[in-house]
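Each remark here refers to the structure printed beneath this line.
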Amino acid sequence: MRKVEEHKPISFSTTMRNPERMSQFIACMKDFEGHILTDELIMQIVRKVIKNKLYKPNYIKENCAINNIYNDESSTFSNVQLDDIVNNSPQNHKEAGFAKGWSSRFDTWYKLCKEFGFIYYDMDKKIEISSSGHMLCDAYLLNSKYDDLNNSGKKIQKIFLNALMKYQTNNPFRRNLNQNAPIPLLLNVLNLLALNSYSTGLHRREIPFLMCWENNDYERLYEFIINFRNKYGFKASDEIIYEECLKLLKSSNKKRFKMSQIIKEGVDDFIRKLRITGIFSLRGLGRFVDINKLESESVDYIIKNYTKYNIFSNKYDFYKYMSEIDTKILEFQEIAANHEINNIRIKTLRKISQKYSVEQIHKELRNLQLNKNSEDEYFKLIDSPTRLEFLTSIAIIQKFPQYEIHPNYSIDDEGNPTFTAKGGVADIEIYDTNLNSIVEVTLMKSRQQAANEIPAITRHLKKQRDDYGNNNVFSLFIAPNIHEDTVYMCEFTRYKEKLGIYPYTIVDFVQKIQTTNSLLELEYNLN
29 MRKVEEHKPI
39 SFSTTMRNPE
49 RMSQFIACMK
59 DFEGHILTDE
69 LIMQIVRKVI
79 KNKLYKPNYI
89 KENCAINNIY
99 NDESSTFSNV
109 QLDDIVNNSP
119 QNHKEAGFAK
129 GWSSRFDTWY
139 KLCKEFGFIY
149 YDMDKKIEIS
159 SSGHMLCDAY
169 LLNSKYDDLN
179 NSGKKIQKIF
189 LNALMKYQTN
199 NPFRRNLNQN
209 APIPLLLNVL
219 NLLALNSYST
229 GLHRREIPFL
239 MCWENNDYER
249 LYEFIINFRN
259 KYGFKASDEI
269 IYEECLKLLK
279 SSNKKRFKMS
289 QIIKEGVDDF
299 IRKLRITGIF
309 SLRGLGRFVD
319 INKLESESVD
329 YIIKNYTKYN
339 IFSNKYDFYK
349 YMSEIDTKIL
359 EFQEIAANHE
369 INNIRIKTLR
379 KISQKYSVEQ
389 IHKELRNLQL
399 NKNSEDEYFK
409 LIDSPTRLEF
419 LTSIAIIQKF
429 PQYEIHPNYS
439 IDDEGNPTFT
449 AKGGVADIEI
459 YDTNLNSIVE
469 VTLMKSRQQA
479 ANEIPAITRH
489 LKKQRDDYGN
499 NNVFSLFIAP
509 NIHEDTVYMC
519 EFTRYKEKLG
529 IYPYTIVDFV
539 QKIQTTNSLL
549 ELEYNLN
(Lines of atoms letter the chains of each structure in order from A and count residues from 1; the text may use other names and numbers.)
(Lines give C-alpha, C1' and ligand atoms only; values in the text may rest on other atoms or scores of the structure.)
Protein backbone atom coordinates (compact mmCIF):
# COMPACT_ATOMS: atom_id res chain seq x y z
CA MET A 1 0.00 0.00 0.00
CA ARG A 2 1.44 3.37 -1.05
CA LYS A 3 2.14 5.73 1.84
CA VAL A 4 0.17 8.98 1.96
CA GLU A 5 2.34 12.05 1.44
CA GLU A 6 2.54 14.37 4.43
CA HIS A 7 4.52 17.30 5.76
CA LYS A 8 7.59 15.86 7.50
CA PRO A 9 10.67 17.30 9.20
CA ILE A 10 14.08 16.88 7.57
CA SER A 11 15.45 13.53 8.70
CA PHE A 12 18.64 11.87 7.57
CA SER A 13 19.51 8.23 8.21
CA THR A 14 21.13 7.76 11.64
CA THR A 15 22.98 4.78 10.12
CA MET A 16 25.24 7.36 8.47
CA ARG A 17 25.84 9.93 11.21
CA ASN A 18 29.54 9.90 10.50
CA PRO A 19 30.84 10.99 7.05
CA GLU A 20 33.74 8.53 7.17
CA ARG A 21 31.26 5.71 7.79
CA MET A 22 29.48 6.65 4.58
CA SER A 23 32.71 6.31 2.58
CA GLN A 24 33.40 2.94 4.24
CA PHE A 25 29.98 1.60 3.21
CA ILE A 26 30.48 2.82 -0.36
CA ALA A 27 33.91 1.14 -0.43
CA CYS A 28 32.20 -2.20 0.37
CA MET A 29 30.20 -1.82 -2.83
CA LYS A 30 33.15 -0.95 -5.10
CA ASP A 31 33.90 -4.56 -6.09
CA PHE A 32 30.31 -4.92 -7.31
CA GLU A 33 30.10 -1.76 -9.42
CA GLY A 34 28.39 -2.59 -12.72
CA HIS A 35 26.93 -5.84 -11.37
CA ILE A 36 23.19 -6.54 -11.47
CA LEU A 37 21.70 -6.15 -7.99
CA THR A 38 20.02 -9.35 -6.81
CA ASP A 39 19.25 -10.77 -3.38
CA GLU A 40 22.28 -13.05 -3.81
CA LEU A 41 24.57 -10.09 -4.59
CA ILE A 42 23.15 -8.17 -1.65
CA MET A 43 24.24 -11.03 0.62
CA GLN A 44 27.80 -10.71 -0.71
CA ILE A 45 27.76 -7.00 0.14
CA VAL A 46 26.22 -7.73 3.55
CA ARG A 47 29.03 -10.17 4.32
CA LYS A 48 31.60 -7.56 3.32
CA VAL A 49 29.97 -4.91 5.51
CA ILE A 50 30.02 -7.29 8.49
CA LYS A 51 33.57 -8.44 7.70
CA ASN A 52 34.68 -4.80 7.74
CA LYS A 53 32.92 -4.42 11.11
CA LEU A 54 30.59 -1.66 9.96
CA TYR A 55 27.48 -3.39 11.31
CA LYS A 56 27.14 -5.40 14.51
CA PRO A 57 24.13 -7.74 14.70
CA ASN A 58 23.02 -8.82 18.16
CA TYR A 59 24.37 -12.32 17.50
CA ILE A 60 27.93 -10.96 17.63
CA LYS A 61 27.28 -9.37 21.02
CA GLU A 62 25.82 -12.62 22.34
CA ASN A 63 28.70 -14.84 21.17
CA CYS A 64 31.81 -14.23 23.28
CA ALA A 65 34.38 -15.65 20.82
CA ILE A 66 32.95 -13.77 17.84
CA ASN A 67 32.57 -10.59 19.88
CA ASN A 68 36.27 -10.76 20.81
CA ILE A 69 37.17 -10.89 17.11
CA TYR A 70 34.89 -7.93 16.45
CA ASN A 71 36.59 -5.88 19.18
CA ASP A 72 40.12 -6.79 18.03
CA GLU A 73 40.92 -4.67 14.96
CA SER A 74 43.80 -6.95 14.03
CA SER A 75 41.46 -9.98 13.80
CA THR A 76 39.07 -10.76 10.96
CA PHE A 77 36.05 -13.03 10.63
CA SER A 78 36.53 -16.25 8.67
CA ASN A 79 34.04 -17.22 5.96
CA VAL A 80 32.58 -19.85 8.29
CA GLN A 81 32.11 -17.24 11.02
CA LEU A 82 30.50 -14.83 8.56
CA ASP A 83 28.05 -17.56 7.53
CA ASP A 84 27.34 -18.20 11.19
CA ILE A 85 26.69 -14.49 11.88
CA VAL A 86 24.44 -13.96 8.86
CA ASN A 87 22.43 -17.17 9.36
CA ASN A 88 21.84 -16.43 13.03
CA SER A 89 20.89 -12.78 12.53
CA PRO A 90 17.48 -12.69 10.83
CA GLN A 91 16.53 -9.08 10.13
CA ASN A 92 12.93 -8.27 11.02
CA HIS A 93 13.04 -5.32 8.66
CA LYS A 94 11.15 -4.27 5.52
CA GLU A 95 11.83 -1.49 3.01
CA ALA A 96 9.71 -0.75 -0.05
CA GLY A 97 10.99 -2.53 -3.14
CA PHE A 98 13.17 -4.97 -1.18
CA ALA A 99 12.49 -8.37 0.34
CA LYS A 100 12.08 -8.49 4.10
CA GLY A 101 15.31 -9.29 5.91
CA TRP A 102 18.89 -8.60 4.86
CA SER A 103 17.87 -7.08 1.52
CA SER A 104 15.84 -4.43 3.33
CA ARG A 105 18.68 -3.89 5.81
CA PHE A 106 20.98 -3.28 2.82
CA ASP A 107 18.62 -0.57 1.54
CA THR A 108 18.52 1.08 4.97
CA TRP A 109 22.32 1.25 5.00
CA TYR A 110 22.70 2.69 1.53
CA LYS A 111 19.64 4.83 0.84
CA LEU A 112 21.22 8.08 2.11
CA CYS A 113 24.32 7.47 -0.07
CA LYS A 114 21.86 7.10 -2.95
CA GLU A 115 20.02 10.29 -2.01
CA PHE A 116 23.30 12.24 -1.82
CA GLY A 117 24.23 11.08 -5.32
CA PHE A 118 27.16 8.86 -4.35
CA ILE A 119 25.67 5.56 -5.57
CA TYR A 120 22.62 4.27 -7.41
CA TYR A 121 20.99 0.86 -7.24
CA ASP A 122 17.68 -0.85 -7.89
CA MET A 123 16.78 -4.51 -7.83
CA ASP A 124 17.70 -6.19 -11.13
CA LYS A 125 19.60 -3.09 -12.30
CA LYS A 126 23.32 -2.35 -12.48
CA ILE A 127 24.99 -0.81 -9.42
CA GLU A 128 26.46 2.63 -10.13
CA ILE A 129 29.05 4.53 -8.11
CA SER A 130 29.20 8.16 -9.21
CA SER A 131 32.32 10.28 -9.66
CA SER A 132 31.48 12.04 -6.38
CA GLY A 133 31.15 8.64 -4.65
CA HIS A 134 34.56 7.58 -5.94
CA MET A 135 36.04 10.96 -4.97
CA LEU A 136 34.72 10.57 -1.43
CA CYS A 137 36.25 7.09 -1.00
CA ASP A 138 39.56 8.18 -2.54
CA ALA A 139 39.75 11.28 -0.34
CA TYR A 140 39.24 9.25 2.84
CA LEU A 141 41.81 6.71 1.67
CA LEU A 142 44.35 9.50 1.18
CA ASN A 143 43.42 11.10 4.48
CA SER A 144 44.06 7.88 6.41
CA LYS A 145 46.87 6.32 4.42
CA TYR A 146 49.27 9.04 3.41
CA ASP A 147 50.93 12.16 4.70
CA ASP A 148 48.66 14.00 2.31
CA LEU A 149 49.90 17.38 1.13
CA ASN A 150 46.76 18.02 -0.94
CA ASN A 151 44.55 18.41 2.14
CA SER A 152 42.06 15.65 1.43
CA GLY A 153 40.08 16.80 4.49
CA LYS A 154 39.10 19.96 2.65
CA LYS A 155 38.13 17.87 -0.40
CA ILE A 156 35.88 15.69 1.79
CA GLN A 157 34.11 18.81 3.05
CA LYS A 158 33.65 20.07 -0.52
CA ILE A 159 32.18 16.74 -1.68
CA PHE A 160 29.58 16.82 1.09
CA LEU A 161 28.92 20.51 0.42
CA ASN A 162 28.31 19.67 -3.25
CA ALA A 163 25.62 17.18 -2.17
CA LEU A 164 24.02 19.09 0.69
CA MET A 165 23.75 22.44 -1.12
CA LYS A 166 21.59 20.69 -3.76
CA TYR A 167 19.58 18.53 -1.36
CA GLN A 168 15.79 18.94 -1.54
CA THR A 169 13.32 17.89 1.13
CA ASN A 170 10.76 16.84 -1.49
CA ASN A 171 13.16 14.81 -3.64
CA PRO A 172 11.76 11.66 -5.33
CA PHE A 173 13.27 9.38 -2.67
CA ARG A 174 11.05 11.08 -0.07
CA ARG A 175 7.30 11.50 0.12
CA ASN A 176 7.31 14.92 1.75
CA LEU A 177 4.90 17.78 1.11
CA ASN A 178 7.52 20.23 2.41
CA GLN A 179 9.34 21.67 -0.59
CA ASN A 180 12.64 23.45 -0.05
CA ALA A 181 16.40 23.25 -0.39
CA PRO A 182 17.38 23.48 3.31
CA ILE A 183 20.99 24.68 2.92
CA PRO A 184 20.26 27.69 0.65
CA LEU A 185 17.15 28.36 2.76
CA LEU A 186 19.26 28.48 5.92
CA LEU A 187 21.98 30.63 4.31
CA ASN A 188 19.40 33.19 3.18
CA VAL A 189 17.83 33.33 6.65
CA LEU A 190 21.27 33.76 8.25
CA ASN A 191 22.00 36.63 5.87
CA LEU A 192 18.80 38.37 6.96
CA LEU A 193 19.57 37.75 10.63
CA ALA A 194 23.05 39.23 10.07
CA LEU A 195 21.47 42.59 9.20
CA ASN A 196 20.99 42.92 12.96
CA SER A 197 24.44 43.79 14.32
CA TYR A 198 23.66 41.86 17.51
CA SER A 199 22.80 38.62 15.73
CA THR A 200 24.92 35.54 16.32
CA GLY A 201 23.05 33.31 13.90
CA LEU A 202 20.25 30.80 14.34
CA HIS A 203 19.78 29.32 17.81
CA ARG A 204 19.81 25.52 17.95
CA ARG A 205 16.30 25.70 19.47
CA GLU A 206 15.13 27.52 16.31
CA ILE A 207 16.54 24.88 13.97
CA PRO A 208 13.40 22.68 14.34
CA PHE A 209 11.45 25.46 12.59
CA LEU A 210 13.81 25.26 9.61
CA MET A 211 13.56 21.47 9.63
CA CYS A 212 9.75 21.62 9.53
CA TRP A 213 9.39 24.59 7.15
CA GLU A 214 7.07 23.87 4.23
CA ASN A 215 8.57 25.94 1.40
CA ASN A 216 11.56 27.94 0.16
CA ASP A 217 10.27 31.34 1.33
CA TYR A 218 13.23 32.43 3.45
CA GLU A 219 11.72 35.87 4.18
CA ARG A 220 8.66 34.29 5.79
CA LEU A 221 10.85 31.91 7.78
CA TYR A 222 12.97 34.86 8.94
CA GLU A 223 9.83 36.74 10.04
CA PHE A 224 8.55 33.62 11.83
CA ILE A 225 11.84 33.33 13.77
CA ILE A 226 11.92 37.05 14.66
CA ASN A 227 8.32 36.95 15.89
CA PHE A 228 9.08 33.85 17.96
CA ARG A 229 12.15 35.57 19.46
CA ASN A 230 10.15 38.69 20.27
CA LYS A 231 7.65 36.53 22.15
CA TYR A 232 9.93 34.03 23.90
CA GLY A 233 13.54 35.14 23.45
CA PHE A 234 15.72 32.03 23.57
CA LYS A 235 13.93 30.59 26.60
CA ALA A 236 10.91 28.86 25.12
CA SER A 237 10.23 25.43 26.59
CA ASP A 238 10.61 22.24 24.57
CA GLU A 239 6.83 21.87 24.63
CA ILE A 240 6.22 25.30 23.08
CA ILE A 241 8.76 24.68 20.31
CA TYR A 242 7.29 21.23 19.69
CA GLU A 243 3.72 22.58 19.43
CA GLU A 244 4.87 25.21 16.93
CA CYS A 245 6.57 22.51 14.86
CA LEU A 246 3.42 20.37 14.82
CA LYS A 247 1.52 23.40 13.50
CA LEU A 248 4.11 23.82 10.75
CA LEU A 249 3.71 20.13 9.91
CA LYS A 250 -0.09 20.51 9.97
CA SER A 251 -0.27 17.54 12.30
CA SER A 252 -1.44 16.64 15.78
CA ASN A 253 0.04 13.14 15.65
CA LYS A 254 2.52 13.05 18.54
CA LYS A 255 3.20 9.35 18.03
CA ARG A 256 4.21 9.94 14.41
CA PHE A 257 6.35 12.99 15.20
CA LYS A 258 7.99 12.48 18.58
CA MET A 259 9.17 15.51 20.55
CA SER A 260 12.60 14.01 21.25
CA GLN A 261 13.22 13.51 17.52
CA ILE A 262 12.15 17.01 16.50
CA ILE A 263 13.70 18.93 19.41
CA LYS A 264 16.92 17.03 20.08
CA GLU A 265 17.97 14.00 18.00
CA GLY A 266 17.04 15.48 14.63
CA VAL A 267 18.67 18.81 15.48
CA ASP A 268 21.94 17.19 16.59
CA ASP A 269 22.13 15.17 13.38
CA PHE A 270 21.23 18.18 11.21
CA ILE A 271 23.96 20.31 12.81
CA ARG A 272 26.48 17.51 12.27
CA LYS A 273 25.51 17.46 8.58
CA LEU A 274 25.91 21.25 8.40
CA ARG A 275 29.34 21.03 9.97
CA ILE A 276 30.51 18.44 7.41
CA THR A 277 30.24 21.12 4.70
CA GLY A 278 32.70 23.52 6.35
CA ILE A 279 30.57 26.60 5.55
CA PHE A 280 28.86 26.88 8.95
CA SER A 281 30.29 28.10 12.24
CA LEU A 282 29.27 27.32 15.80
CA ARG A 283 28.84 30.27 18.13
CA GLY A 284 28.21 30.35 21.85
CA LEU A 285 29.58 26.84 22.46
CA GLY A 286 27.26 25.33 19.87
CA ARG A 287 24.13 27.23 20.88
CA PHE A 288 24.07 29.10 17.56
CA VAL A 289 24.78 28.16 13.94
CA ASP A 290 26.03 30.89 11.62
CA ILE A 291 27.80 31.42 8.29
CA ASN A 292 31.54 30.69 8.43
CA LYS A 293 33.06 33.93 7.16
CA LEU A 294 36.20 32.06 6.10
CA GLU A 295 34.02 30.43 3.42
CA SER A 296 32.15 33.53 2.25
CA GLU A 297 32.99 32.95 -1.43
CA SER A 298 31.34 29.52 -1.40
CA VAL A 299 28.35 30.85 0.54
CA ASP A 300 27.70 33.71 -1.90
CA TYR A 301 27.94 31.31 -4.83
CA ILE A 302 25.45 28.85 -3.29
CA ILE A 303 22.92 31.58 -2.52
CA LYS A 304 23.17 32.93 -6.07
CA ASN A 305 23.01 29.59 -7.87
CA TYR A 306 21.01 27.20 -5.66
CA THR A 307 18.29 29.25 -3.93
CA LYS A 308 16.08 28.50 -6.93
CA TYR A 309 16.16 24.92 -8.16
CA ASN A 310 14.53 22.45 -10.51
CA ILE A 311 12.13 19.89 -9.06
CA PHE A 312 12.62 16.25 -10.02
CA SER A 313 9.96 13.55 -10.22
CA ASN A 314 12.29 10.75 -11.32
CA LYS A 315 14.68 9.14 -8.82
CA TYR A 316 17.44 8.47 -11.32
CA ASP A 317 17.32 12.03 -12.68
CA PHE A 318 17.64 13.38 -9.14
CA TYR A 319 20.56 11.04 -8.47
CA LYS A 320 22.33 12.31 -11.61
CA TYR A 321 21.75 15.91 -10.51
CA MET A 322 23.11 15.21 -7.03
CA SER A 323 26.09 13.25 -8.34
CA GLU A 324 27.36 15.96 -10.67
CA ILE A 325 30.30 17.86 -9.20
CA ASP A 326 29.99 21.63 -9.38
CA THR A 327 33.65 22.37 -10.11
CA LYS A 328 33.27 25.95 -8.86
CA ILE A 329 32.69 24.62 -5.35
CA LEU A 330 35.89 22.57 -5.55
CA GLU A 331 37.83 25.61 -6.76
CA PHE A 332 36.82 28.00 -3.97
CA GLN A 333 39.49 28.30 -1.30
CA GLU A 334 38.91 29.27 2.31
CA ILE A 335 40.94 32.18 3.60
CA ALA A 336 44.45 30.79 3.95
CA ALA A 337 45.86 30.13 7.40
CA ASN A 338 47.69 33.20 8.64
CA HIS A 339 48.76 34.78 11.90
CA GLU A 340 45.26 36.11 12.59
CA ILE A 341 43.57 32.74 12.00
CA ASN A 342 46.16 30.96 14.14
CA ASN A 343 45.45 33.47 16.91
CA ILE A 344 41.70 32.73 16.64
CA ARG A 345 42.46 29.01 16.99
CA ILE A 346 44.64 29.52 20.08
CA LYS A 347 42.26 32.02 21.68
CA THR A 348 39.32 29.60 21.39
CA LEU A 349 41.45 26.70 22.62
CA ARG A 350 42.39 28.64 25.75
CA LYS A 351 38.80 29.81 26.28
CA ILE A 352 37.45 26.25 26.10
CA SER A 353 40.24 24.97 28.36
CA GLN A 354 39.06 27.45 31.02
CA LYS A 355 35.36 26.81 30.43
CA TYR A 356 35.63 23.05 31.09
CA SER A 357 37.18 21.39 34.11
CA VAL A 358 40.10 18.98 33.82
CA GLU A 359 37.76 16.19 34.91
CA GLN A 360 35.27 16.99 32.14
CA ILE A 361 37.98 16.95 29.45
CA HIS A 362 39.46 13.69 30.75
CA LYS A 363 35.98 12.13 30.77
CA GLU A 364 35.49 13.16 27.13
CA LEU A 365 38.85 11.62 26.22
CA ARG A 366 37.96 8.38 28.00
CA ASN A 367 34.69 8.30 26.03
CA LEU A 368 36.73 8.30 22.82
CA GLN A 369 38.88 5.47 24.16
CA LEU A 370 35.71 3.45 24.83
CA ASN A 371 34.04 4.51 21.56
CA LYS A 372 31.22 6.11 23.55
CA ASN A 373 29.21 9.07 22.29
CA SER A 374 29.71 12.43 23.94
CA GLU A 375 26.75 13.78 25.87
CA ASP A 376 28.12 17.32 25.92
CA GLU A 377 26.05 19.72 23.79
CA TYR A 378 29.21 21.26 22.27
CA PHE A 379 31.66 18.39 21.89
CA LYS A 380 29.11 16.02 20.36
CA LEU A 381 28.86 18.35 17.36
CA ILE A 382 32.53 17.73 16.53
CA ASP A 383 33.36 14.56 14.58
CA SER A 384 35.29 12.02 16.69
CA PRO A 385 38.74 12.15 14.96
CA THR A 386 38.72 15.96 15.07
CA ARG A 387 37.42 15.90 18.64
CA LEU A 388 40.39 13.76 19.70
CA GLU A 389 42.84 16.37 18.36
CA PHE A 390 40.85 19.14 20.06
CA LEU A 391 40.46 17.42 23.44
CA THR A 392 44.13 16.38 23.51
CA SER A 393 45.14 20.00 22.86
CA ILE A 394 42.83 21.14 25.67
CA ALA A 395 44.20 18.54 28.10
CA ILE A 396 47.78 19.63 27.38
CA ILE A 397 47.06 23.34 27.71
CA GLN A 398 45.15 22.78 30.96
CA LYS A 399 48.12 20.91 32.44
CA PHE A 400 50.91 23.01 30.88
CA PRO A 401 49.55 26.54 30.32
CA GLN A 402 53.11 27.85 30.08
CA TYR A 403 53.79 25.99 26.84
CA GLU A 404 53.29 27.46 23.39
CA ILE A 405 50.79 25.06 21.86
CA HIS A 406 49.87 25.06 18.17
CA PRO A 407 47.18 22.57 17.10
CA ASN A 408 46.72 22.33 13.34
CA TYR A 409 43.10 21.19 13.02
CA SER A 410 40.98 23.23 10.59
CA ILE A 411 38.70 25.82 12.19
CA ASP A 412 35.68 27.97 11.46
CA ASP A 413 35.78 31.74 11.96
CA GLU A 414 35.03 31.24 15.66
CA GLY A 415 38.03 28.95 16.22
CA ASN A 416 35.94 25.77 16.59
CA PRO A 417 37.47 22.66 14.96
CA THR A 418 35.92 21.61 11.65
CA PHE A 419 38.32 18.88 10.48
CA THR A 420 41.54 17.13 11.45
CA ALA A 421 44.97 18.60 10.70
CA LYS A 422 45.87 18.42 7.03
CA GLY A 423 48.75 16.31 5.75
CA GLY A 424 52.29 17.60 5.89
CA VAL A 425 51.96 19.07 9.39
CA ALA A 426 51.84 17.58 12.88
CA ASP A 427 48.50 17.34 14.68
CA ILE A 428 49.79 19.40 17.61
CA GLU A 429 53.09 21.28 17.98
CA ILE A 430 54.41 22.17 21.44
CA TYR A 431 57.24 24.60 22.16
CA ASP A 432 59.05 25.75 25.29
CA THR A 433 62.55 26.95 26.09
CA ASN A 434 63.75 23.37 26.53
CA LEU A 435 61.56 21.34 24.16
CA ASN A 436 60.20 21.21 20.62
CA SER A 437 57.79 18.30 20.55
CA ILE A 438 54.78 17.15 18.58
CA VAL A 439 51.72 15.11 19.44
CA GLU A 440 50.00 12.85 16.92
CA VAL A 441 46.63 11.26 17.66
CA THR A 442 44.45 8.71 15.90
CA LEU A 443 41.38 6.59 16.57
CA MET A 444 42.91 3.82 14.47
CA LYS A 445 43.48 0.64 16.49
CA SER A 446 44.83 -1.95 14.07
CA ARG A 447 48.32 -2.67 12.74
CA GLN A 448 47.64 0.08 10.18
CA GLN A 449 48.79 2.45 12.92
CA ALA A 450 52.37 1.43 12.22
CA ALA A 451 52.23 1.87 8.44
CA ASN A 452 49.97 4.93 8.31
CA GLU A 453 51.20 6.99 11.23
CA ILE A 454 54.79 6.26 12.30
CA PRO A 455 56.59 7.07 9.00
CA ALA A 456 54.75 10.42 8.83
CA ILE A 457 55.61 11.20 12.47
CA THR A 458 59.25 10.37 11.74
CA ARG A 459 59.25 12.86 8.86
CA HIS A 460 57.72 15.54 11.07
CA LEU A 461 60.36 14.91 13.76
CA LYS A 462 63.24 15.05 11.28
CA LYS A 463 61.94 18.41 10.10
CA GLN A 464 61.65 19.62 13.71
CA ARG A 465 65.21 18.52 14.38
CA ASP A 466 66.46 20.27 11.23
CA ASP A 467 64.63 23.46 12.19
CA TYR A 468 65.39 23.56 15.92
CA GLY A 469 68.36 21.27 16.51
CA ASN A 470 68.36 18.55 19.17
CA ASN A 471 66.42 20.58 21.71
CA ASN A 472 64.34 17.71 23.11
CA VAL A 473 62.65 16.90 19.81
CA PHE A 474 60.24 13.99 20.32
CA SER A 475 56.67 12.92 19.69
CA LEU A 476 53.83 11.46 21.69
CA PHE A 477 51.58 9.08 19.77
CA ILE A 478 48.11 8.67 21.29
CA ALA A 479 45.44 6.13 20.26
CA PRO A 480 42.66 4.03 21.87
CA ASN A 481 45.08 1.10 21.95
CA ILE A 482 48.64 0.61 20.75
CA HIS A 483 49.31 -2.24 18.33
CA GLU A 484 52.51 -4.24 18.85
CA ASP A 485 53.65 -3.34 15.31
CA THR A 486 53.44 0.33 16.29
CA VAL A 487 55.75 -0.24 19.26
CA TYR A 488 58.18 -2.06 16.96
CA MET A 489 58.17 0.84 14.47
CA CYS A 490 58.76 3.33 17.29
CA GLU A 491 61.74 1.25 18.46
CA PHE A 492 63.05 1.11 14.89
CA THR A 493 62.80 4.90 14.55
CA ARG A 494 64.68 5.29 17.81
CA TYR A 495 67.43 2.96 16.60
CA LYS A 496 67.77 4.27 13.03
CA GLU A 497 66.98 7.98 13.35
CA LYS A 498 67.78 8.58 17.03
CA LEU A 499 64.31 10.11 17.41
CA GLY A 500 61.81 9.32 20.17
CA ILE A 501 58.19 8.43 19.44
CA TYR A 502 56.40 7.44 22.65
CA PRO A 503 53.06 5.61 22.23
CA TYR A 504 50.27 5.97 24.80
CA THR A 505 46.71 4.76 24.95
CA ILE A 506 44.29 7.63 25.53
CA VAL A 507 43.61 6.50 29.10
CA ASP A 508 47.32 6.06 29.89
CA PHE A 509 48.02 9.54 28.54
CA VAL A 510 45.24 11.03 30.68
CA GLN A 511 46.58 9.29 33.80
CA LYS A 512 50.20 10.18 33.09
CA ILE A 513 49.76 13.93 32.61
CA GLN A 514 47.95 14.18 35.93
CA THR A 515 51.18 13.30 37.76
CA THR A 516 53.78 15.16 35.68
CA ASN A 517 55.19 18.67 35.79
CA SER A 518 56.74 18.64 32.32
CA LEU A 519 55.96 17.01 29.00
CA LEU A 520 59.53 15.71 29.09
CA GLU A 521 58.42 13.30 31.81
CA LEU A 522 56.31 11.46 29.23
CA GLU A 523 59.45 10.19 27.50
CA TYR A 524 60.30 6.61 28.47
CA ASN A 525 62.47 3.66 27.49
CA LEU A 526 60.64 1.65 24.82
CA ASN A 527 62.66 -1.55 25.37
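Numbering (my numbering), first residue to last: 29 to 555.
We treat Cβ as the ideally placed atom computed from N, Cα and C, and that holds for glycine.
- The C-beta distance from Arg45 to Asp297 rounds to 6 Å, short enough to meet the 8 Å contact threshold.
- Thr446 is bridged by DSSP to nothing; it lacks a bridge partner.
- Pro47 is a Cβ neighbour of Phe188, given a cutoff of 8 Å.
- Distance from the CA atom of Met50 to the CA atom of Cys141, rounded to whole angstroms, is 7 Å.
- By the Cβ neighbour-count rule, Val327 is buried, with 16 or more other Cβ atoms within 10 Å of its own.
- The way I'd put it, the region 435-445 does touch the region 414-426; three or more beta-carbon pairs between them come closer than 8 Å.
- Taking a contact as a CB-CB distance under 8 Å, the pair Thr376 and Asn444 counts as one, their CB atoms being some 6 Å apart.
- Within the same chain, Cβ atoms closer than 8 Å to the Cβ of Met71 are found at Val114 and Trp130, the five residues on either side in sequence being excluded.
- For Gly294, the enclosing alpha helix (DSSP H) begins and ends at Gly294 to Thr305.
- In the three-state scheme derived from DSSP, where H, G and I count as helix and E and B as strand, Phe126 is classed as coil.
- Rounded to the nearest angstrom, the gap between the Cα atoms of Lys286 and Asn401 is 22 Å.
- Relative to Ile299, the option among His35, Phe40, Glu33 and Val32 whose CA is nearest is Phe40.
- For Asp460, there is no enclosing alpha helix (DSSP H); the residue is part of the beta strand (DSSP E) that begins and ends at Ile456 to Asp460.
- Between the alpha carbons of Gly451 and Leu205 lies a gap of roughly 44 Å.
- Rounded to the nearest whole angstrom, the C-alpha separation of Tyr250 and Thr335 is 15 Å.
- As the crow flies, the alpha-carbon of Asn509 is around 15 Å from that of Asn480.
- Around Pro413, the same chain offers Thr448 and Leu471 as residues with beta carbons nearer than 6 Å, after the five sequence neighbours per side are excluded.
- Nearest Cα to Leu313 within the set Asn224, Ile389 and Glu442: Glu442.
- Looking at Ile253, Thr514 and Phe60, the one whose alpha-carbon comes closest to that of Tyr149 is Phe60.
- Apart from sequence neighbours up to five positions away, no residue of its chain approaches Asp245 with a beta-carbon distance below 7 Å.
- Under DSSP, Thr533 takes part in a beta bridge, and its partners are Ala507.
- Taking a cut-off of 8 Å on C-beta distances, the region 505-519 does not touch the region 544-552, as fewer than three cross pairs fall below it.
- Within the same chain, Pro85 and Tyr87 come within 6 Å of Ser117 by CB-CB distance, once the 5 residues on both sides are set aside.
- For the pair His162 and Tyr344, the Cα-to-Cα distance works out to about 18 Å.
- The region 345-353 makes no contact with the region 227-238, as fewer than three CB pairs between them are under 8 Å.
- Remark: fewer than three beta-carbon pairs, one from each stretch, lie closer than 8 Å, so the region 277-295 and the region 304-320 are not flagged as touching.
- In the structure shown, Pro435 falls within a strand segment according to DSSP collapsed to helix, strand and coil.
- Relative to the Cα of Leu213, the nearest Cα in the group Phe201, Asn224 and Trp241 belongs to Trp241.
- Closest in alpha carbon position to Phe502, among Leu274, Ser158 and Ile529, is Ile529.
- For the region 41-95, the full-length alpha helix (DSSP H) segments reaching 4 residues or more read 47-57, 67-79 and 86-90 along the chain.
- Taking Tyr384 as reference, the option from Ile330, Gln397 and Asp404 with the minimal CA-CA separation is Asp404.
- Tyr98 sits in a helix when the DSSP states are folded into three classes.
- Taken through DSSP and simplified to helix, strand or coil, Lys343 comes out as helix.
- In the three-state DSSP reduction, Phe360 falls in the coil class, being neither helix nor strand.
- Within the region 381-436, complete alpha helix (DSSP H) segments of at least 4 residues are found at 386-397 and 412-427, given in chain order.
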